[in-house]
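Below is one structure, written out as structure tokens, with a few remarks after it.
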Amino acid sequence: MIIYIGFIKEQGKLLPEFVTDNLKLAKHKAVRAVDDALPNNSVHVFKVCLDVKVVPLIVASWTPEGEHVTEVPEP
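Numbering-wise, the sequence shown is residues 59 to 133 according to our numbering.
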């Protein structure tokens with residue numbers, strides 16, 4: 059699985075802007091985000107390739123008794 063993560067770079071910091079699995083949509087969102095950014099800033103889009111096997115690390119759930127966070131042991 060491939061996802062694209064877009065960040066606005068402002069004053070040397072990367073601020074998260076969007077996540078998508080569609081390259082065409084990532085390009086469109088990057089153009090829109092750079093229009094909204096302050097002058098002299100930029101948008102950086104990173105391509106992230108995920109392994110075929112995705113393993114959850116943390117599961118958080120809410121029940122009437124309260125919130126529960128469970129760390130899933132690595133195989």
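Glycine included, every Cβ here is placed at the ideal spot set by N, Cα and C.
For L96, the three-state secondary structure derived from DSSP is coil. In this structure, V106 and I63 form a Cβ contact; the two beta carbons are roughly 6 Å apart against a cut-off of 8 Å.
A check of alpha carbon separations from D93 across I116, I66, K82, T78 identifies I66 as the nearest.
Residue state for L73 is assigned as strand, using DSSP reduced to three classes.
Annotated three-state conformation of V130 is coil, per DSSP.
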